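Report on the following structure.
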Amino acid sequence: MRLKGKHIILGVTGSIAAYKAAYLLRGLVKEGAEVQVVMTPAAKEFITPVTMSALSSRPVASEFFAANDGTWHSHVDMGQWADLMLIAPITAATIGKMVAGLADNLLVTTYMSAKCPVYIAPAMDLDMFAHPSTLKNLEILQSYGNIILEPGEGELASGLHGKGRMMEPDRIIDEVVKSFDSKKKLLTKKVLVTAGPTYEKIDPVRFIGNYSSGKMGFAIAEELANQGAEVTLVTGPVSLSVNHPNIKRVNVESASEMLKASKSVFPEMDAAVMCAAVADYKPANITSQKIKRKEDEMSIELEATKDIAATLGSIKKENQLLVGFALETQDELKNAAGKLQRKNLDFIVLNSLQDKGAGFGVVTNKITILSKDNKAQEFELKQKTEVAADIVEKIVEELGNL
Ligand code: CTP
């Protein structure tokens with residue numbers, strides 16, 4: 055249900071394509087929209103209001119006053135209620151009235167009171183559509199911010215062939231859905247997310263790893279994608295799956311692979327969220343054969359891995375946002391502030407292992423966001439998906455300030 059809870063006014067005018075408005079209405083309702091139908095008097099000659107009220111489960115509004123009891127249909131209230139107004143089909147006459155502000159019926163007055171995006175789907179014979187007055191009027195309506203759903207070419211009700219067929223209802227519904235998409239807050243933004251642990255090889259069968267499940271990073275990637283961002287998710291070995299068309303997943307194993315993958319995409323990113331629990335050290339040598347048990351003691355020589363967040367911080371441009379995480383067990387705020395500065399981050403998300411329900415492997419988390427100006431914002435214990443929404447909200451805000 056792509057339109058769940060959306061309030062839509064469906065205006066119908068007197069064109070033969072009005073019969074398609076019933077199918078259109080059915081489709082909008084099926085997608086979860088609440089639809090108020092407004093018909094012009096002429097539309098009722100083509101399709102009965104009974105059909106439309108039955109399909110929308112609401113009385114059709116058509117006259118300024120309801121015929122039986124004189125109740126006033128408030129075009130102002132309807133205009134305020136709607137998230138989107140769609141007039142389909144719209145005739146040359148209604149287009150002309152909208153241009154001229156000729157508010158002599160409920161549909162045009164509602165249009166003039168509407169505070170929401172207005173979509174119109176013209177339907178008329180080819181000569182009427184091609185007439186300079188229609189084309190000029192459509193241009194004017196477009197300049198007012200209305201969105202024209204271009205009619206198609208094909209056989210017309212008159213038997214003539216040409217441009218003037220109302221856009222097909224299924225396509226109109228897709229356009230309506232897209233319009234709500236454009237309200238997403240991170241459309242056109244590209245974001246890199248690192249997630250999960252890294253595995254640092256010791257020998258062919260052993261590695262140094264950690265308990266990171268990747269849940270927090272995956273939740274952030276999904277929330278970013280839901281807000282329209284194009285996400286590159288660079289993840290260490292986790293048992294999670296992701297299924298979102300906006301998320302490109304890159305699987306890596308070690309810190310150096312994660313660094314390479316992150317560094318190569320970072321220049322084109324608007325933001326990067328460093329959620330991975332990257333190993334700070336790796337074995338200095340990886341033995342090609344399995345290490346055999348020998349004496350009672352053994353040691354592995356370790357060397358530092360490169361800090362991915364700090365590397366990106368050092369090449370970060372002014373219009374790029376870099377977000378880090380800190381998992382601390384003591385002196386939390388002080389340590390987090392140190393990391394923020396050292397890695398040149400814009401803000402850091404602090405998890406304290408002192409907090410019950412926070413940290414690795416659990417579905418909840420409790421965070422504090424520490425900004426560059428040393429302001430700390432504390433959040434409640436929440437589900438990781440809700441925590442992700444808080445972090446993404448902060449990203450949206452900070453990207454707006456860059
Ligand atoms: N990080 C990273 N690359 C590393 C180590 C850490 O990108 N090699 C990132 C993490 O993804 C996280 C932040 O840096 O966003 C903090 O990591 P953390 O390991 O807590 O900090 P360290 O700088 O390693 O400090 P310490 O281990 O002393 O706590």
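Here the sequence shown is numbered in the numbering used here, starting from 55 and rising by one per residue.
Glycine included, C-beta positions come from ideal geometry on N, C-alpha and C.
Note that the coordinates shown come from a computational prediction; the quantities given were computed from them, not determined experimentally.
Please determine, among the options, the residue with the shortest C-alpha to C-alpha distance to residue i.
i: residue 399; options: 358, 452, 419; result: 452
i: residue 319; options: 199, 102, 309, 302; result: 302
i: residue 67; options: 56, 149, 112, 88; result: 149
i: residue 76; options: 92, 57, 106; result: 106
i: residue 91; options: 299, 84, 116, 270; result: 116
i: residue 93; options: 161, 366, 388, 131; result: 161
i: residue 207; options: 221, 103, 281, 200; result: 221
i: residue 242; options: 174, 282, 100; result: 282
i: residue 426; options: 440, 447, 392, 432; result: 392
i: residue 229; options: 141, 186, 168; result: 141
i: residue 450; options: 389, 406, 324; result: 324
i: residue 370; options: 456, 71, 240, 133; result: 456
Can you list, in chain order, the residues of its chain whose CB lies under 6 Å from that of residue i, leaving out five sequence neighbours each side?
i: residue 7; result: One cannot answer for residue 7 here, as it falls past the ends of the chain, which runs 55 to 456.
i: residue 411; result: 418, 435
i: residue 57; result: 85, 86, 87
i: residue 176; result: 144, 205
i: residue 157; result: 163, 166
i: residue 55; result: 85, 86
i: residue 409; result: 420
Please classify residue i as buried or exposed, where buried requires at least 16 neighbouring CB atoms within 10 angstroms.
i: residue 246; result: buried
i: residue 339; result: exposed
i: residue 368; result: exposed
i: residue 429; result: exposed
i: residue 159; result: buried
i: residue 383; result: exposed
i: residue 377; result: buried
i: residue 352; result: exposed
i: residue 111; result: exposed
i: residue 151; result: buried
i: residue 386; result: buried
i: residue 350; result: exposed
So, under 8 Å CB-CB, residue i and residue j are touching, yes? Tell me the CB distance rounded to an integer number of Å.
i: residue 274; j: residue 445; result: 6 Å
i: residue 397; j: residue 363; result: 4 Å
i: residue 284; j: residue 298; result: 11 Å between Cβ atoms; not a contact.
In chain order, what residues of the same chain have a beta carbon less than 7 Å from the beta carbon of residue i, not counting five sequence neighbours either side?
i: residue 223; result: 74, 77, 78, 81
i: residue 210; result: 179, 180, 216, 218, 219
i: residue 214; result: 179, 180
i: residue 146; result: 178, 182, 188
i: residue 438; result: 269, 270, 273, 417, 418, 419
Starting from the C-beta of residue i, find all residues in its chain whose C-beta is less than 8 Å away, skip the five residues before and the five after it, and write them out in chain order.
i: residue 312; result: 248, 252, 288, 290, 306, 330, 332, 362
Counting pairs of beta carbons, one from the region 248-263 and one from the region 319-334, are three or more of them closer than 8 Å?
-> Cβ pair count under 8 Å is three or more, so yes.
Is there contact between the region 189-196 and the region 226-237, where contact requires at least three CB pairs shorter than 8 Å?
-> The region 189-196 makes no contact with the region 226-237; the number of CB pairs closer than 8 Å stays below 3.
Three or more beta-carbon pairs under 8 Å between the region 264-279 and the region 304-316, yes or no?
-> The region 264-279, when compared against the region 304-316, does not touch it at the 8 Å Cβ threshold.
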